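**Student:** Structure below; questions to follow.
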(Lines of atoms letter the chains of each structure in order from A and count residues from 1; the text may use other names and numbers.)
(Lines give C-alpha, C1' and ligand atoms only; values in the text may rest on other atoms or scores of the structure.)
Protein backbone atom coordinates (compact mmCIF):
# COMPACT_ATOMS: atom_id res chain seq x y z
CA UNK A 1 0.00 0.00 0.00
CA UNK A 2 1.32 3.40 -0.93
CA UNK A 3 2.33 5.69 1.92
CA UNK A 4 3.29 8.72 -0.20
CA UNK A 5 1.85 10.49 -3.22
CA UNK A 6 3.44 12.82 -5.77
CA UNK A 7 1.28 15.56 -7.22
CA UNK A 8 2.46 16.25 -10.74
CA UNK A 9 1.58 19.96 -10.76
CA UNK A 10 3.73 20.98 -7.82
CA UNK A 11 6.01 17.92 -8.15
CA UNK A 12 6.18 17.39 -4.43
CA UNK A 13 6.04 14.08 -2.60
CA UNK A 14 3.62 14.24 0.35
CA UNK A 15 2.63 11.56 2.85
CA UNK A 16 -0.68 10.01 1.89
CA UNK A 17 -2.62 11.41 4.85
CA UNK A 18 -5.52 13.79 5.43
CA UNK A 19 -2.99 16.43 6.50
CA UNK A 20 -1.87 16.93 2.89
CA UNK A 21 -4.77 15.57 0.80
CA UNK A 22 -8.57 15.80 0.97
CA UNK A 23 -10.43 12.51 1.32
CA UNK A 24 -12.33 11.07 -1.65
CA UNK A 25 -14.13 7.76 -1.35
CA UNK A 26 -14.21 7.11 -5.11
CA UNK A 27 -10.43 7.31 -5.48
CA UNK A 28 -8.41 4.11 -5.27
CA UNK A 29 -6.20 5.44 -2.50
CA UNK A 30 -9.08 7.27 -0.79
CA UNK A 31 -7.68 10.78 -1.39
CA UNK A 32 -8.01 13.49 -4.02
CA UNK A 33 -5.47 13.96 -6.79
CA UNK A 34 -4.75 17.53 -5.77
CA UNK A 35 -2.82 18.35 -2.61
CA UNK A 36 -4.33 20.83 -0.16
CA UNK A 37 -1.68 23.45 -0.85
CA UNK A 38 -2.44 23.51 -4.58
CA UNK A 39 -6.20 23.53 -3.93
CA UNK A 40 -5.79 26.59 -1.68
CA UNK A 41 -3.71 28.40 -4.30
CA UNK A 42 -6.19 27.61 -7.08
CA UNK A 43 -9.14 28.74 -4.93
CA UNK A 44 -7.42 32.02 -4.08
CA UNK A 45 -6.57 32.71 -7.74
CA UNK A 46 -10.14 31.95 -8.77
CA UNK A 47 -11.50 34.29 -6.09
CA UNK A 48 -9.21 37.15 -7.08
CA UNK A 49 -10.25 36.70 -10.70
CA UNK A 50 -13.94 36.83 -9.78
CA UNK A 51 -13.67 39.96 -7.62
CA UNK A 52 -11.55 41.83 -10.16
CA UNK A 53 -14.78 43.27 -11.63
CA UNK A 54 -17.53 45.25 -9.94
CA UNK A 55 -20.09 42.61 -10.88
CA UNK A 56 -17.95 39.91 -9.33
CA UNK A 57 -17.49 41.90 -6.12
CA UNK A 58 -21.24 42.47 -5.88
CA UNK A 59 -21.90 38.74 -6.26
CA UNK A 60 -19.28 37.92 -3.66
CA UNK A 61 -20.85 40.35 -1.17
CA UNK A 62 -24.29 38.91 -1.77
CA UNK A 63 -23.00 35.36 -1.34
CA UNK A 64 -21.37 36.35 1.94
CA UNK A 65 -24.57 38.00 3.17
CA UNK A 66 -26.65 34.93 2.32
CA UNK A 67 -24.17 32.67 4.06
CA UNK A 68 -24.18 34.86 7.18
CA UNK A 69 -27.98 35.06 7.25
CA UNK A 70 -28.23 31.29 6.87
CA UNK A 71 -25.74 30.73 9.67
CA UNK A 72 -27.45 33.16 12.04
CA UNK A 73 -30.90 31.73 11.31
CA UNK A 74 -30.20 28.83 13.69
CA UNK A 75 -29.28 28.86 17.36
CA UNK A 76 -26.16 26.81 16.67
CA UNK A 77 -25.06 29.18 13.91
CA UNK A 78 -25.51 32.24 16.11
CA UNK A 79 -23.53 30.59 18.88
CA UNK A 80 -20.65 29.83 16.49
CA UNK A 81 -20.66 33.38 15.11
CA UNK A 82 -20.68 34.90 18.59
CA UNK A 83 -17.87 32.61 19.69
CA UNK A 84 -15.77 33.56 16.65
CA UNK A 85 -16.38 37.24 17.37
CA UNK A 86 -15.39 36.84 21.02
CA UNK A 87 -12.27 34.94 20.00
CA UNK A 88 -11.23 37.74 17.67
CA UNK A 89 -11.83 40.43 20.29
CA UNK A 90 -9.88 38.47 22.91
CA UNK A 91 -6.54 39.27 21.25
CA UNK A 92 -4.88 42.63 20.72
CA UNK A 93 -4.36 41.90 17.03
CA UNK A 94 -8.01 40.90 16.57
CA UNK A 95 -9.27 44.07 18.26
CA UNK A 96 -6.98 46.20 16.10
CA UNK A 97 -8.28 44.55 12.91
CA UNK A 98 -11.89 44.97 14.00
CA UNK A 99 -11.37 48.65 14.89
CA UNK A 100 -9.63 49.30 11.57
CA UNK A 101 -12.43 47.62 9.63
CA UNK A 102 -15.08 49.63 11.52
CA UNK A 103 -13.18 52.86 10.94
CA UNK A 104 -12.89 52.18 7.20
CA UNK A 105 -16.61 51.39 7.00
CA UNK A 106 -17.56 54.65 8.76
CA UNK A 107 -15.39 56.64 6.34
CA UNK A 108 -16.83 54.84 3.31
CA UNK A 109 -20.47 55.11 4.39
CA UNK A 110 -20.80 58.30 6.53
CA UNK A 111 -24.55 58.61 5.93
CA UNK A 112 -25.19 55.03 7.09
CA UNK A 113 -23.01 55.56 10.13
CA UNK A 114 -24.92 58.71 11.06
CA UNK A 115 -28.27 56.96 10.60
CA UNK A 116 -27.15 54.03 12.77
CA UNK A 117 -25.83 56.37 15.47
CA UNK A 118 -29.08 58.31 15.68
CA UNK A 119 -31.11 55.10 15.58
CA UNK A 120 -29.06 53.71 18.48
CA UNK A 121 -29.60 56.89 20.47
CA UNK A 122 -33.32 56.72 19.73
CA UNK A 123 -33.36 53.08 20.81
CA UNK A 124 -31.81 54.07 24.12
CA UNK A 125 -34.60 56.63 24.55
CA UNK A 126 -37.15 53.95 23.61
CA UNK A 127 -38.28 56.25 20.80
CA UNK A 128 -37.53 53.99 17.83
CA UNK A 129 -40.40 51.70 16.80
CA UNK A 130 -38.07 49.75 14.49
CA UNK A 131 -36.31 48.35 17.55
CA UNK A 132 -39.36 47.07 19.40
CA UNK A 133 -38.44 43.48 18.65
CA UNK A 134 -42.11 42.56 18.11
CA UNK A 135 -42.93 40.42 15.03
CA UNK A 136 -45.95 42.60 14.28
CA UNK A 137 -43.65 45.58 13.68
CA UNK A 138 -41.26 43.78 11.32
CA UNK A 139 -43.09 44.61 8.06
CA UNK A 140 -43.49 48.27 9.03
CA UNK A 141 -39.85 48.43 10.15
CA UNK A 142 -38.58 47.09 6.81
CA UNK A 143 -40.47 49.86 5.00
CA UNK A 144 -39.39 52.61 7.39
CA UNK A 145 -35.64 51.96 7.57
CA UNK A 146 -34.90 52.80 3.88
CA UNK A 147 -36.82 56.07 4.20
CA UNK A 148 -34.74 57.09 7.21
CA UNK A 149 -31.48 56.18 5.46
CA UNK A 150 -32.54 58.25 2.43
CA UNK A 151 -32.80 61.31 4.68
CA UNK A 152 -29.19 60.89 5.83
CA UNK A 153 -28.04 60.16 2.28
CA UNK A 154 -29.63 63.39 1.06
CA UNK A 155 -28.18 65.28 4.02
CA UNK A 156 -24.65 64.17 3.08
CA UNK A 157 -25.15 65.13 -0.56
CA UNK A 158 -26.66 68.56 0.18
CA UNK A 159 -24.36 69.42 3.12
CA UNK A 160 -27.29 69.70 5.53
CA UNK A 161 -28.26 68.01 8.77
CA UNK A 162 -31.17 65.74 9.68
CA UNK A 163 -33.33 67.19 12.43
CA UNK A 164 -36.12 65.65 14.49
CA UNK A 165 -39.12 67.97 14.16
CA UNK A 166 -40.43 66.84 17.53
CA UNK A 167 -37.24 66.23 19.57
CA UNK A 168 -36.48 62.80 20.96
CA UNK A 169 -35.88 64.48 24.32
CA UNK A 170 -36.97 68.13 24.78
CA UNK A 171 -34.63 70.53 26.57
CA UNK A 172 -37.36 71.51 29.02
CA UNK A 173 -37.38 68.13 30.77
CA UNK A 174 -35.58 68.67 34.10
CA UNK A 175 -35.45 65.02 35.15
CA UNK A 176 -34.93 61.93 32.97
CA UNK A 177 -37.71 60.03 34.71
CA UNK A 178 -40.21 62.66 33.56
CA UNK A 179 -39.95 61.29 30.02
CA UNK A 180 -43.13 59.58 28.74
CA UNK A 181 -41.22 56.29 28.50
CA UNK A 182 -41.23 56.16 32.31
CA UNK A 183 -44.92 56.88 32.64
CA UNK A 184 -45.91 53.32 33.53
CA UNK A 185 -42.80 52.39 35.44
CA UNK A 186 -42.66 52.07 39.19
CA UNK A 187 -38.95 52.75 39.64
CA UNK A 188 -39.75 56.26 40.85
CA UNK A 189 -43.17 56.07 42.56
CA UNK A 190 -42.55 59.28 44.53
CA UNK A 191 -42.18 61.28 41.32
CA UNK A 192 -45.22 59.93 39.48
CA UNK A 193 -47.59 62.72 40.68
CA UNK A 194 -44.93 65.29 39.75
CA UNK A 195 -44.57 63.65 36.34
CA UNK A 196 -48.28 63.92 35.56
CA UNK A 197 -48.43 67.49 36.86
CA UNK A 198 -45.41 68.45 34.77
CA UNK A 199 -46.90 66.94 31.61
CA UNK A 200 -50.27 68.61 32.19
CA UNK A 201 -48.63 72.00 32.69
CA UNK A 202 -46.17 72.03 29.81
CA UNK A 203 -47.80 69.55 27.41
CA UNK A 204 -44.46 68.01 26.55
CA UNK A 205 -44.07 65.05 24.24
CA UNK A 206 -41.15 63.09 22.82
CA UNK A 207 -40.86 62.47 19.10
CA UNK A 208 -40.16 59.17 17.34
CA UNK A 209 -37.20 58.31 15.15
CA UNK A 210 -39.35 57.84 12.04
CA UNK A 211 -39.25 59.43 8.59
CA UNK A 212 -42.39 61.50 9.24
CA UNK A 213 -40.57 63.21 12.13
CA UNK A 214 -37.44 64.12 10.12
CA UNK A 215 -36.51 67.21 8.16
CA UNK A 216 -33.35 68.62 6.55
CA UNK A 217 -31.92 71.84 7.97
CA UNK A 218 -28.79 73.86 7.42
CA UNK A 219 -26.21 73.41 10.17
CA UNK A 220 -26.78 76.93 11.52
CA UNK A 221 -30.56 76.44 11.63
CA UNK A 222 -30.30 73.06 13.30
CA UNK A 223 -27.89 74.45 15.86
CA UNK A 224 -30.19 77.36 16.75
CA UNK A 225 -33.23 75.09 16.94
CA UNK A 226 -31.61 72.66 19.37
CA UNK A 227 -34.01 70.25 21.10
CA UNK A 228 -37.03 72.51 20.63
CA UNK A 229 -40.28 71.91 18.80
CA UNK A 230 -40.99 74.79 16.45
CA UNK A 231 -44.40 75.14 14.85
CA UNK A 232 -45.09 76.12 11.26
CA UNK A 233 -45.29 79.80 12.25
CA UNK A 234 -41.97 79.73 14.08
CA UNK A 235 -40.13 77.90 11.28
CA UNK A 236 -41.07 80.01 8.26
CA UNK A 237 -40.17 83.68 8.03
CA UNK A 238 -42.29 84.81 5.07
CA UNK A 239 -45.67 83.33 4.18
CA UNK A 240 -47.75 84.02 1.06
CA UNK A 241 -51.22 83.08 -0.13
CA UNK A 242 -52.36 82.78 -3.72
CA UNK A 243 -54.86 85.39 -4.85
CA UNK A 244 -58.33 84.44 -6.07
CA UNK A 245 -57.34 84.93 -9.71
CA UNK A 246 -54.37 82.61 -9.21
CA UNK A 247 -51.86 85.10 -10.61
CA UNK A 248 -50.40 86.93 -7.59
CA UNK A 249 -48.90 85.95 -4.24
CA UNK A 250 -50.05 88.07 -1.30
CA UNK A 251 -47.86 88.31 1.84
CA UNK A 252 -49.63 87.75 5.16
CA UNK A 253 -48.54 87.80 8.77
CA UNK A 254 -48.18 84.53 10.60
CA UNK A 255 -50.62 85.64 13.32
CA UNK A 256 -53.30 86.08 10.63
CA UNK A 257 -53.17 82.45 9.50
CA UNK A 258 -55.94 81.24 11.81
CA UNK A 259 -58.42 83.78 10.48
CA UNK A 260 -57.58 82.83 6.90
CA UNK A 261 -58.07 79.16 7.66
CA UNK A 262 -61.66 79.80 8.79
CA UNK A 263 -62.55 82.03 5.84
CA UNK A 264 -60.93 80.08 3.01
CA UNK A 265 -60.07 76.52 4.01
CA UNK A 266 -58.67 75.64 0.58
CA UNK A 267 -56.04 78.39 0.40
CA UNK A 268 -52.76 77.73 -1.36
CA UNK A 269 -49.86 78.66 0.91
CA UNK A 270 -46.20 79.15 -0.07
CA UNK A 271 -43.21 79.98 2.11
CA UNK A 272 -39.77 81.29 1.26
CA UNK A 273 -38.07 78.80 3.57
CA UNK A 274 -40.07 75.64 2.83
CA UNK A 275 -37.78 72.65 3.29
CA UNK A 276 -40.34 69.87 3.55
CA UNK A 277 -42.28 68.02 0.87
CA UNK A 278 -45.21 70.37 0.13
CA UNK A 279 -47.97 67.78 0.67
CA UNK A 280 -46.64 66.84 4.08
CA UNK A 281 -45.61 70.27 5.32
CA UNK A 282 -48.87 71.36 6.93
CA UNK A 283 -49.58 68.03 8.59
CA UNK A 284 -46.15 68.05 10.14
CA UNK A 285 -46.26 71.48 11.69
CA UNK A 286 -49.82 72.49 12.46
CA UNK A 287 -52.88 70.30 12.18
CA UNK A 288 -55.13 73.36 12.66
CA UNK A 289 -54.14 74.71 9.24
CA UNK A 290 -56.07 73.00 6.42
CA UNK A 291 -54.08 74.90 3.79
CA UNK A 292 -52.82 73.23 0.64
CA UNK A 293 -49.11 74.01 0.77
CA UNK A 294 -46.86 74.36 -2.28
CA UNK A 295 -43.26 75.43 -2.83
CA UNK A 296 -42.68 79.16 -3.09
CA UNK A 297 -41.99 80.55 -6.60
CA UNK A 298 -38.44 81.59 -7.44
CA UNK A 299 -39.27 85.31 -7.44
CA UNK A 300 -40.27 85.17 -3.77
CA UNK A 301 -36.91 83.82 -2.58
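In our numbering, the protein residues as written are 28 to 328. For each residue, glycine too, the CB sits at the ideal point set by N, CA and C. Bear in mind that the values here come from a model prediction, so they are computed numbers and not experimental data.
#1: I need the boundaries of the beta strand (DSSP E) containing residue 60, first residue and last residue.
#2: Grab me the residues of residue 49's own chain with a C-beta within less than 8 Å of its C-beta, minus the 5 sequence neighbours each way, in chain order.
#3: Compute the Euclidean distance between the alpha carbons of residue 190 and residue 242, then round it to the nearest angstrom.
#4: Considering only residues of the same chain and omitting the five flanking positions on each side of residue 90, which have a CB-CB separation below 7 Å?
#5: Could you round the C-beta distance between residue 171 and residue 73 to whole angstroms and report it? I think they count as a contact, below 8 Å.
#6: Between residue 174 and the rest of its own chain, which residues show a CB-CB distance below 7 Å, the 5 nearest in sequence each way excluded?
#7: Within the same chain, show all residues whose beta-carbon is closer than 8 Å to that of residue 143, passing over the 5 residues directly before and after it, in chain order.
#8: Within 10 angstroms of its Cβ, does residue 128 collect 16 or more other Cβ (buried), or is it exposed?
#9: List the endpoints of the continuous alpha helix (DSSP H) containing residue 46.
#10: Would you decide whether residue 188 is buried or exposed? Buried here means 16 or more other CB atoms lie within 10 Å of its CB.
#11: Do the segment 95–102 and the segment 111–118 touch if we need at least three Cβ pairs shorter than 8 Å?
#12: Give the single residue among 240, 55 and 178 whose Cα lies nearest to the Cα of residue 193.
#13: Quick one: what's residue 50 bridged to in DSSP?
#14: What's the call for residue 71, buried or exposed, on a 16-neighbour Cβ count within 10 Å?
#15: How about residue 182 and residue 110: are their beta carbons less than 9 Å apart?
#16: Return the CA-CA distance between residue 45 and residue 56, expressed in angstroms with no decimal places.
#17: For residue 141, is the classification buried or exposed, using 16 other Cβ atoms within 10 angstroms of its Cβ as the cut-off for buried?
#18: Are the beta-carbon atoms belonging to residue 77 and residue 86 less than 9 Å from one another?
#19: Check residue 73 in the structure and name its three-state DSSP category.
#20: Locate the alpha helix (DSSP H) running through residue 187, then write down its first and last residues.
#21: How many Å lie between residue 133 and residue 47 at the Cα?
#22: Within the same chain, show all residues whose beta-carbon is closer than 8 Å to that of residue 51, passing over the 5 residues directly before and after it, in chain order.
#23: Is residue 108 closer than 9 Å to residue 95 when the C-beta atoms are compared?
#24: Could you say which of 54, 185 and 84 lies nearest to residue 246 if we only look at CA atoms?
**Tutor:** Quick answer:
#1: Residues 58–62.
#2: 58, 59, 61, 63 and 66
#3: 5 Å
#4: none
#5: Not confirmed; about 40 Å, so no contact.
#6: 238
#7: none
#8: exposed
#9: First-last for residue 46: undefined, no H or E at that position.
#10: buried
#11: With a cut-off of 8 Å, the segment 111–118 and the segment 95–102 do not count as touching, because too few Cβ pairs lie within range.
#12: 240
#13: 58
#14: exposed
#15: Taking 9 Å as the cut-off, the beta carbon of residue 182 is found no closer than this to the beta carbon of residue 110.
#16: 12 Å
#17: buried
#18: yes
#19: helix
#20: Taken as a continuous stretch (DSSP letters only), residue 187 belongs to no alpha helix (DSSP H), as it is neither H nor E.
#21: If you draw a straight line from the Cα of residue 133 to the Cα of residue 47, it comes to about 41 Å.
#22: Cβ neighbours of residue 51 beyond the five flanking positions: 57, 58 and 59.
#23: yes
#24: For the residues 54, 185 and 84, the minimum Cα distance to residue 246 belongs to 185.
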